[in-house]
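Take a look at the structure set out below.
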Amino acid sequence: MILTCQHDSHRFEDRTIVVNEVIKVGRAVARSKAAPNNAIFDCKVLSRNHAIIWFSSDEFWLRDTNSSNGTFVNNTRVSKRDDSESSDRQIFSGDVIRFGVDVVEHDTTHGCIVASVTLFLPNGQEARPKLGHTGDVLPSGLISISNEQMFQISYFLSDTVFREQALDKKLETLRQALQQATVASELGWQAMLNEEKLLQKLDLYEAQMRLFKEDLPEGSLKMRLSELLEEKSLQEAESKNQLTKLLKDKEVALQRVRDLERTLEDLKEECAYLQGEYTSAQDACSNISDEYKTNLTTISQRVNELTTERNQLHEQLVQANQENTALKEHCEQISHELGVTKEMYEQAKLKAKISALAPTTDLDFATSEEVKPEEPSGVTACSANPSAVVDASSLSSSSIEPLVKRIVRHNEAAMTSLHAYLRQVNPLAAAELINKICKLMFALPCHW
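Numbering (the UniProt record's numbering), first residue to last: 1 to 448.
Structure (structure tokens):
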């Protein structure tokens, strides 16, 4: 298991931990120090026993052990321990785990631990979420976006927002600097005006000196001239100092303006770049959303088609069951009729044999008259002619076979339909049925 520090986390070195037992996550104390191979952090917002991580049945699990500030997986809080399995949370490679929350104490913000977890199974493969798993329950068949991809998008967007906020602060600083440069420029222009005024005063003083030369006593004129020259030298020195200072300030202000202009250009370029990245991220999110909606629509249509096909197959199955039931009833009826026909054939054949063996006497004729009412209807219909009754040879097997054939032809249409249907459904069953019918009919020729 590898824990990687995120940008909004309390800083810590990446941890590589072997999860061969229960791993405790907590705050560093005297007995437990932070190390690269454990989950102990030097962070004030963590509890001493904040959470535990373990590996079981090729799955990684996380449990919050009643921490003060909570544990979060992909910004979803893990339930506190209540001695039930529902408080455990399965984690996968790419999940973002946050231990605790930021705490403000005396105008000082203490950050929490935010780490991206990378999990490896004993066979060396990453413990990726299975299809359809997004941390919560999703409808089956939907295309899933991995937690790592979602975190990358979220991280990219948050980083973009952070850069944009920093850019706004820089632009505000630049506006203040420009305002200060404008004020300095105004002061420079004012200094130049003051310089002009000083030059005008000097000219005025020189004119006054020329006036003093005329019609004045020599002693007082020399004194006055000396005073004026001294005053002029002082004013010139002061004016030069002021001009030198103003020129230096002006040069500094111009240099700051040039620097601020370059900074502004750089910030504009960075702003344009970040804006493009932000637009690309929005487009990527839109594409993912559109793809998700398209897949959802396709799956819904497929589900509807499968439901319709299932209903049709169910109707066909019900119809086939009904036809099968009707066919079984029809087969039972035909079997019953064939049994009756066989009994009639046996009786007629037996009587023919008896008639052939017995002598032709009046007693036998009377006996045949007494037995006659017990004959089948088919035999009675065939012996309606009195001459046929008197003649014992008419009761031979050759005269009874046409009777049986007529009985068979009576049900020939039904058996023909049954045979055609069975040939379509199961040819072997059709052949077996015909063989049974032929055996029942004592090897009579079959025409089907």
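C-beta: ideal position from N, C-alpha, C; glycine also.
Candidates GLU13, SER226, LEU306 and ILE97, of which the one nearest ALA51 by Cα: Ranking GLU13, SER226, LEU306 and ILE97 by Cα distance to ALA51 puts ILE97 first.
Neighbour-count burial assignment, HIS7, 16 or more Cβ in a 10 Å radius: Classified as exposed, HIS7 has fewer than 16 neighbouring CB atoms from the shown chains inside 10 Å of its CB.
Contact the stretch 101–117 vs the stretch 39–58: 3+ CB pairs below 8 Å: Yes, they touch.
Under the three-state DSSP convention, the category ARG48 falls into: Of the three classes helix, strand and coil, the one that applies to ARG48 here is coil, per DSSP.
Element boundaries [beta strand (DSSP E), containing GLY111]: For GLY111, there is no enclosing beta strand (DSSP E), since its DSSP letter is neither H nor E.
Residues near PRO36 by beta carbon distance below 7 Å, same chain, minus five either side: Result list for PRO36: GLU13, ARG15 and THR16, in chain order.
Limits of the beta strand (DSSP E) - the one that CYS43 falls within: Careful: CYS43 lies outside any beta strand (DSSP E) and carries neither H nor E.
Sequence-distant residues of the same chain with beta carbon closer than 8 Å to ALA39, five excluded per side: Within the same chain, LEU3, ARG15, ILE17, ILE23, LYS24, VAL25, GLY26 and ILE53 come within 8 Å of ALA39 by CB-CB distance, once the 5 residues on both sides are set aside.
Meets three-Cβ-pair contact criterion under 8 Å: the stretch 163–177 and the stretch 270–288: Yes, since at least three Cβ pairs between the stretch 163–177 and the stretch 270–288 fall closer than 8 Å, the two stretches touch.
Pick from THR263, LEU247 and LYS201 that is closest to residue 449, judged by C-alpha positions: It is not possible to answer for residue 449, since the shown part of the chain is limited to 1 through 448.
Option in ASN66, LEU157, TRP61 and ASP168 with minimal Cα separation from ALA127: Checked all of ASN66, LEU157, TRP61 and ASP168; the closest Cα to ALA127 is TRP61.
Rounded C-alpha distance that separates THR279 from CYS285: Whole-angstrom Cα-Cα distance: 10 Å.
Same chain, Cβ closer than 7 Å to LYS232, neighbours up to 5 away in sequence not counted: If we look at LYS232 and ignore the five residues flanking it on each side, its Cβ neighbours are LEU202 and TYR205.
Same chain only: Cβ atoms within 8 Å of CYS5, ignoring 5 sequence neighbours per side: Cβ-Cβ distances below 8 Å link CYS5 to ARG11, PHE12, GLU13, ASP14, VAL114 and ALA115 in the same chain, with the five nearest sequence neighbours on each side left out; the list follows chain order.
Three-state secondary structure (DSSP) of GLN90: Note: GLN90 maps to strand in three-state DSSP.
Bridge-paired residues (DSSP) for TRP61: When beta bridges are read from the DSSP output, TRP61 appears opposite TRP54 and GLN90.
Same chain, Cβ closer than 7 Å to ALA34, neighbours up to 5 away in sequence not counted: Excluding residues within five positions, the ones whose Cβ falls inside 7 Å are ALA28, ILE40, PHE41 and ASP42.
DSSP three-state assignment for VAL96, whether helix, strand or coil: In the three-state reduction of the DSSP assignment, VAL96 falls in the strand class, which pools E and B.
For residue 450, three-class secondary structure by DSSP: The question about residue 450 has no answer, for the chain in this structure spans 1 to 448.
Boundaries of the beta strand (DSSP E) in which VAL103 is found, first to last residue: Start and end: 103–105.
LYS169 (DSSP reduced to helix, strand or coil): In this structure, DSSP gives LYS169 a helical state, which the three-state scheme calls helix.
Cutoff 7 Å; reference PRO139; Cβ partners in own chain excluding five residues on either side: Since pLDDT at PRO139 reaches only 48, below the 50 mark, its modelled position is unreliable, and the value read off the structure follows with that caveat. Cβ within range, chain order: n/a, list empty.
Which listed residue (GLU309, GLY70 and ARG48) has its alpha carbon closest to that of GLU30: The sequence given here places Ala at residue 30; Glu does not occur at that position. Restricting attention to GLU309, GLY70 and ARG48, the CA atom closest to the CA of ALA30 is found in ARG48.
Spatially closest choice to ALA184 from PRO122, ARG262 and LYS248, by CA coordinates: If we check each option's Cα against that of ALA184, LYS248 comes out closest.
Reference PRO122; option with closest CA among ALA181, SER158, ASN20 and THR65: The alpha carbon of PRO122 has as its nearest neighbour, out of ALA181, SER158, ASN20 and THR65, the alpha carbon of ASN20.
For PHE156 and SER93, the rounded distance between their alpha carbons: Whole-angstrom Cα-Cα distance: 19 Å.
CA-to-CA distance, VAL117 to ASN74, given in whole angstroms: Looking at the two C-alpha atoms, the distance is approximately 11 Å.
Length of the line joining the Cα atoms of ASP58 and SER87: Straight through space, the alpha carbons of SER87 and ASP58 are spaced by roughly 19 Å.
Neighbour-count burial assignment, ARG175, 16 or more Cβ in a 10 Å radius: ARG175 comes out exposed.
Closest Cα partner of GLN282 within the set ALA320, SER154 and LEU428: Nearest C-alpha to GLN282: SER154.
Residue burial classification, LEU317 (beta-carbon count within 10 angstroms, cutoff 16): By the 16-neighbour rule on beta-carbons within 10 angstroms, LEU317 is exposed.
Pairwise C-alpha distance: VAL78 and PRO129: For PRO129 and VAL78, the distance between alpha carbons rounds to 18 Å.
C-alpha gap between MET344 and GLU323, whole angstroms: If you take the alpha carbons of MET344 and GLU323, they lie about 31 Å apart.
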